[in-house]
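Asks:
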Amino acid sequence: MTWTIVVGVKQVPDAKEVGIDPDTGRLDRANAPAVMNPPDRHALEAALSIKDVVDARVVAITMGPPMATPVLEEAVAMGCDDAVLITDRAFAGSDTWPTSLTLASAADTLGADVVVCGEETTDSSTGQVPPGIAAHNGWAQLTYVEDLEPRPDEDRLVAVRDVEGGYERVAAELPVVVAVAYGEFDPRPAGLHRKLYAENDFEPIEWTAADLGIEDEVGLDVSPTSVGGMETVDPVDRRGEVVDDVDELASRLAEVIA
Amino acid sequence: MSASDDANDTNDTNDTNGADDAGGIDLEAYADVWVFVEVHDGDVMAVSWELLEEGKKLTAKTGEDLVALVIGEDLDAVVREALERGADRVLVADDPVFEPYRADPYGAQFRAMVEERKPSIVLIGGTHTGRDFAGRVAVPTHAGLTADVTEIDVDDDGLLQARRPAFGGDILATILCEEHRPQMATVRPGVFEPGEPDLDGDFATVDEAITAVDVVVDESETISEVLERNVGDTTDITEADRIVAVGAGIEGDLEPAIDLAEALGAELVASRAAVDEGWVDGSRQVGQTGKTVRPELYVALGISGAIQHVEGMNKSGTVIAINTDPNAPIFEHADYGIVGDFADVCPRLAKSLRERDLAEVMP
Ligand SMILES: Cc1cc2nc3c(=O)[nH]c(=O)nc-3n(C[C@H](O)[C@H](O)[C@H](O)COP(=O)(O)OP(=O)(O)OC[C@H]3O[C@@H](n4cnc5c(N)ncnc54)[C@H](O)[C@@H]3O)c2cc1C
Chain A
1 MTWTIVVGVK QVPDAKEVGI DPDTGRLDRA NAPAVMNPPD RHALEAALSI KDVVDARVVA
61 ITMGPPMATP VLEEAVAMGC DDAVLITDRA FAGSDTWPTS LTLASAADTL GADVVVCGEE
121 TTDSSTGQVP PGIAAHNGWA QLTYVEDLEP RPDEDRLVAV RDVEGGYERV AAELPVVVAV
181 AYGEFDPRPA GLHRKLYAEN DFEPIEWTAA DLGIEDEVGL DVSPTSVGGM ETVDPVDRRG
241 EVVDDVDELA SRLAEVIA
Chain B
1 MSASDDANDT NDTNDTNGAD DAGGIDLEAY ADVWVFVEVH DGDVMAVSWE LLEEGKKLTA
61 KTGEDLVALV IGEDLDAVVR EALERGADRV LVADDPVFEP YRADPYGAQF RAMVEERKPS
121 IVLIGGTHTG RDFAGRVAVP THAGLTADVT EIDVDDDGLL QARRPAFGGD ILATILCEEH
181 RPQMATVRPG VFEPGEPDLD GDFATVDEAI TAVDVVVDES ETISEVLERN VGDTTDITEA
241 DRIVAVGAGI EGDLEPAIDL AEALGAELVA SRAAVDEGWV DGSRQVGQTG KTVRPELYVA
301 LGISGAIQHV EGMNKSGTVI AINTDPNAPI FEHADYGIVG DFADVCPRLA KSLRERDLAE
361 VMP
């Protein structure tokens with residue numbers, strides 16, 4: 001059997017470039033360049049590493065505006081067989097509930113055996129979308145995954161998960177949602193040919209909320225959470241004193257622990 | 001994670017307060033503050049007691065009950081401790097199916113309890129376990145779930161104000177859940193103080209305070225299986241008074257750091273980069289996806305000071321940085337710093353400290 005592996009990727013503002021607007025105190029993301037959420041690269045690698053050992057088709061999906069297409073091109077350049085852009089005004093204001101519903105129904109529509117996501121996004125950092133996808137579909141889930149052992153003969157996926165103080169190996173029945181621990185699965189470089197193909201010839205499949213039959217279940221109105229306010233956090237005041245020699249540093253230390 | 005979960009995003013001016021009515025639930029039917037007590041092999045995760053203490057402050061305002069939820073196997077001691085630590089009531093799901101932890105049985109059991117008993121607020125530790133199953137409760141019940149919260153409060157109407165750092169900690173966003181229940185939050189370990197258990201308390205009414213709930217999960221229906229579990233060191237770094245932290249800059253050379261930690265009587269922790277290299281166990285990771293620590297002294301060795309790391313150590317008393325790069329951002333987040341190689345500075349620092357100690361004990 002050929003496994004269908006779906007990888008969720010997201011375009012985020014480059015965290016290194018995000019500043020705070022001094023007038024409004026709000027984050028100024030408008031000027032930050034958009035990049036692929038860094039943990040998603042590791043998710044792509046994890047998905048492709050399954051394909052290295054199991055007969056599989058890997059499809060990248062993203063929910064976002066049409067301008068998010070470059071992240072799908074990057075995914076295809078890395079080795080994904082296909083990609084889907086889920087785009088619709090109806091999604092505006094979606095929190096994790098409708099977001100994970102959307103990705104869950106896309107994964108279901110694609111006939112996913114495995115869904116792979118990054119641990120969290122650098123812009124929202126909730127980490128709640130992968131478990132949300134699994135919950136919407138009633139599928140198994142494996143989070144904080146450091147290693148994968150596909151077992152196609154058993155229709156199961158075994159994962160090594162990071163747990164408090166150690167690790168565990170867990171087998172999950174297909175279909176299963178995997179969230180890869182950030183830093184695991186070193187992303188492979190994109191090959192030149194794939195890159196040229198992705199940028200010049202490849203077109204992603206496009207789906208709207210109606211295509212997925214969820215147009216009444218997404219967006220602000222079904223989102224249980226809302227943002228009630230935002231405050232800038234004052235940086236902790238530190239002395240920022242750089243000393244020249246170790247003895248002086250030792251005296252400072254000794255004062256603290258006296 | 002992927003896709004746009006914008007309610008927890010921070011750039012949108014979100015002046016609409018959620019849905020008018022997404023299912024028409026009766027908010028009045030929901031009451032009480034629940035705290036999930038996370039147990040593995042009989043050991044309670046410290047964050048559970050931190051949350052129970054914080055939960056007391058919420059129920060003091062709302063006048064509701066503080067309810068501890070205990071799931072696992074052979075839980076009598078944990079149930080007793082939850083009462084000693086101030087829970088008004090304890091709900092217990094005691095069954096071998098819950099040990100060791102798996103997302104699907106935990107999620108199904110927790111969901112059944114929520115649907116039957118309708119809590120208003122549910123607090124879960126932001127551990128790997130808590131963050132793993134919280135969504136399996138929040139999604140099917142259409143509850144609002146705020147992840148990785150660092151401040152919680154309730155307003156006069158009992159509406160939960162869950163605050164969480166956004167964008168690496170520069171912004172604190174308040175997340176509300178106005179039209180859905182329960183209001184769920186995973187809360188970051190280490191940000192709240194646990195209370196003291198009341199060991200002499202009168203728990204004569206204990207039996208009435210404990211409810212053994214129906215176990216709704218059956219092993220034959222589970223869709224995952226734990227093949228192996230290997231758990232060793234679970235030292236709780238959030239309790240440490242002194243900390244020596246190592247980063248990628250130590251390049252696997254732990255000895256000078258351990259030497260300094262011993263001279264200081266400090267716990268060793270690490271940045272994510274050092275944990276990813278396998279030099280230090282993940283339970284000792286400090287930062288956004290690790291733990292929040294607040295020792296009186298934090299010594300950072302070969303750590304650049306990325307915002308995701310600083311977020312986890314910003315509550316420290318005095319911060320000392322040792323780094324070869326004079327422009328490393330960590331120096332802006334430190335009280336004292338020295339530009340130098342940690343392998344060179346650590347032994348000299350340890351020696352100097354030991355000599356001082358000696359001088360103090362000498363007549
Ligand atoms: C979603 C997400 C979540 C994250 N969560 C966390 C988290 O919880 N915790 C965390 O720490 N990070 C986290 N990170 C990673 C974070 O962004 C940084 O990559 C990480 O903190 C860098 O670790 P570091 O400072 O040890 O390494 P580096 O940034 O590589 O810094 C190494 C430092 O060592 C110095 N150095 C080199 N040699 C020496 C020497 N001989 N002596 C002294 N100094 C030396 C260098 O000058 C440099 O400043 C997260 C990232 C993402 C995207």
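As you go down the protein sequences, you meet chains A and B in turn.
Position 227 (the first sequence) corresponds to 227 in UniProt numbering; numbering is contiguous.
Position 229 (the second sequence) corresponds to 229 in UniProt numbering; numbering is contiguous.
The C-beta atom is built at its ideal place from N, Cα and C for all residues, glycine as well.
Closer than 8 Å between beta carbons: that is the criterion. Which residues of the segment 281-297 of chain B meet it against chain A?
Replies: So the close ones are ASP281, GLY282, SER283, GLN288, THR289, GLU296 and LEU297.
Asks: Could you name each continuous alpha helix (DSSP H) segment of 4 residues or more that falls completely within the segment 264-303 of chain B, going from the start of the chain to the end?
Replies: DSSP runs (the alpha helix (DSSP H)) wholly in the segment 264-303 of chain B: 272-276.
Asks: Answer with buried or exposed for LYS16 (chain A), where buried requires no fewer than 16 other C-beta atoms within 10 angstroms of its C-beta.
Replies: Burial call: exposed.
Asks: Do PHE91 (chain A) and ALA209 (chain A) come within 8 Å of each other at the CB atom, strictly closer than that value?
Replies: Cβ atoms of ALA209 (chain A) and PHE91 (chain A): closer than 8 Å.
Asks: By Cβ distance below 7 Å, which residues in the same chain neighbour THR2 (chain A) in space, the five residues on each side in sequence not counted?
Replies: The answer, listed in chain order, is ASP55, ALA56 and ARG57.
Asks: Comparing C-alpha positions only, which one of B:VAL217, B:ASP259 and B:ALA306 sits nearest to GLY72 (chain B)?
Replies: Nearest of B:VAL217, B:ASP259 and B:ALA306 to GLY72 (chain B), Cα basis: B:VAL217.
Asks: Whole angstroms is fine: what's the gap from ARG131 (chain B)'s alpha carbon to MET45 (chain B)'s?
Replies: Roughly 14 Å between the two C-alpha positions.
Asks: Quick one: does the C-beta of GLU120 (chain A) sit closer than 7 Å to a heavy atom of ligand 1?
Replies: It does: the Cβ of GLU120 (chain A) is within 7 Å (strictly closer) of some heavy atom of ligand 1.
Asks: Counting only C-beta atoms, is LEU249 (chain A) closer than 8 Å to chain B at any point?
Replies: By this cut-off, LEU249 (chain A) is an interface position.
Asks: Is ARG354 (chain B) helix, strand or coil by DSSP?
Replies: Note: ARG354 (chain B) maps to helix in three-state DSSP.
Asks: How far does the beta strand (DSSP E) with ASP148 (chain B) in it reach, from first residue to last?
Replies: Here the beta strand (DSSP E) through ASP148 (chain B) covers 144-149.
Asks: Would the C-beta of PRO131 (chain A) count as close to ligand 1, meaning under 7 Å from any of its heavy atoms?
Replies: False, no ligand heavy atom lies under 7 Å from that Cβ.
Asks: Check the Cβ-Cβ distances between GLY337 (chain B) and every residue of chain A, and say whether any is below 8 Å.
Replies: Chain A, which has a Cβ nearer than 8 Å to the Cβ of GLY337 (chain B), makes this yes.
Asks: Have a look at the DSSP bridge pairing and note the partners of TRP139 (chain A).
Replies: Bridge partners of TRP139 (chain A): none, in fact.
Asks: Closer than 8 Å by C-beta to ASP257 (chain B): which residues in its own chain qualify, once you throw out the five before and the five after it? Chain order, please.
Replies: Note on residue identity: the sequence assigns Ala, not Asp, to residue 257 (chain B). The residues are VAL244, VAL246, ILE250, LEU268, LEU301, PHE342 and CYS346.
Asks: Are PRO189 (chain B) and VAL37 (chain B) touching if we call contact CB-CB under 8 Å?
Replies: Their beta carbons are not under 8 Å apart, which means PRO189 (chain B) does not touch VAL37 (chain B) by this criterion.
Asks: What do you reckon, are the CB atoms on VAL178 (chain A) and ALA46 (chain A) nearer than 8 Å?
Replies: Result yes, Cβ atoms of VAL178 (chain A) and ALA46 (chain A) sit closer than 8 Å.
Asks: May I ask you to list the residues that DSSP assigns as paired with PRO150 (chain A)?
Replies: In DSSP, PRO150 (chain A) forms a bridge with A:LEU157.
Asks: Which same chain residues, not among the five before or five after GLY317 (chain B), have their C-beta less than 8 Å away from its C-beta?
Replies: Taken in chain order, the residues that qualify are ARG294, PRO295, GLU296, LEU297 and TYR298.
Asks: Relative to the C-alpha of GLY312 (chain B), which candidate in B:THR174, B:VAL149, B:MET184 and B:GLY265 has its C-alpha closest?
Replies: The shortest C-alpha separation from GLY312 (chain B) is found at B:VAL149.
Asks: Which residues in chain B sit within 9 Å of GLY111 (chain A), going by Cβ to Cβ distance?
Replies: Neighbours of GLY111 (chain A) on chain B: none; closest Cβ ~18 Å, over 9 Å.
Asks: Determine whether the Cβ of GLN331 (chain B) lies closer than 8 Å to any Cβ atom of chain A.
Replies: Looking at the sequence itself, residue 331 (chain B) is Phe, so the reference to Gln does not match. True, the Cβ-Cβ gap to chain A drops below 8 Å.
Asks: Any beta carbon of chain A sitting closer than 8 Å to that of THR324 (chain B)?
Replies: No, THR324 (chain B) does not count as interfacial toward chain A.
Asks: Mark GLU178 (chain B) as exposed unless 16 or more other C-beta atoms lie within 10 angstroms of its C-beta, in which case mark it buried.
Replies: Result: buried.
Asks: Output the boundary residues of the beta strand (DSSP E) element that contains THR186 (chain B).
Replies: From DSSP, the beta strand (DSSP E) with THR186 (chain B) extends over 183-187.
Asks: Which partner residues does TYR336 (chain B) have in the DSSP bridge list?
Replies: DSSP lists A:GLU241 and B:ILE320 as partners of TYR336 (chain B).
Asks: To the nearest angstrom, report how far apart ASP94 (chain B) and ALA60 (chain B) are at their CA atoms.
Replies: One C-alpha to the other measures close to 29 Å.
Asks: Taking its Cβ as the centre, do 16 or more other Cβ atoms sit within 10 Å of LEU196 (chain A), making it buried, or is it exposed?
Replies: So LEU196 (chain A) ends up on the exposed side.
Asks: Nearer than 7 Å: is that true of the beta carbon of PRO235 (chain A) relative to any heavy atom of ligand 1?
Replies: It does not: the Cβ of PRO235 (chain A) is nowhere closer than 7 Å to a heavy atom of ligand 1.
Asks: How is ILE307 (chain B) classed by DSSP in three states: helix, strand or coil?
Replies: Of the three classes helix, strand and coil, the one that applies to ILE307 (chain B) here is helix, per DSSP.
Asks: Going by DSSP, what residues sit across from ALA68 (chain B) in a beta bridge?
Replies: Beta-bridge pairing links ALA68 (chain B) to B:VAL35 and B:VAL90.
Asks: Quick check on ARG41 (chain A): does DSSP put it in helix, strand or coil?
Replies: Note: ARG41 (chain A) maps to helix in three-state DSSP.
Asks: Could you check where the alpha helix (DSSP H) with ASN230 (chain B) kicks off and where it finishes?
Replies: It is not in any alpha helix (DSSP H) - ASN230 (chain B) instead sits in the beta strand (DSSP E) that spans 224-231.
Asks: Determine the contact status of ALA172 (chain A) and SER224 (chain B), defining contact as a CB-CB distance below 8 Å.
Replies: The answer is yes: Cβ separation under 8 Å.
Asks: So with CB distances below 7 Å, who are the chain B contacts of ALA171 (chain A)?
Replies: What ALA171 (chain A) touches in chain B: SER224, GLU225 and LEU227.
Asks: Name the one or two DSSP bridge partners that GLN161 (chain B) has.
Replies: In the DSSP output, where bridge partners are listed per residue, GLN161 (chain B) has B:ASP153.
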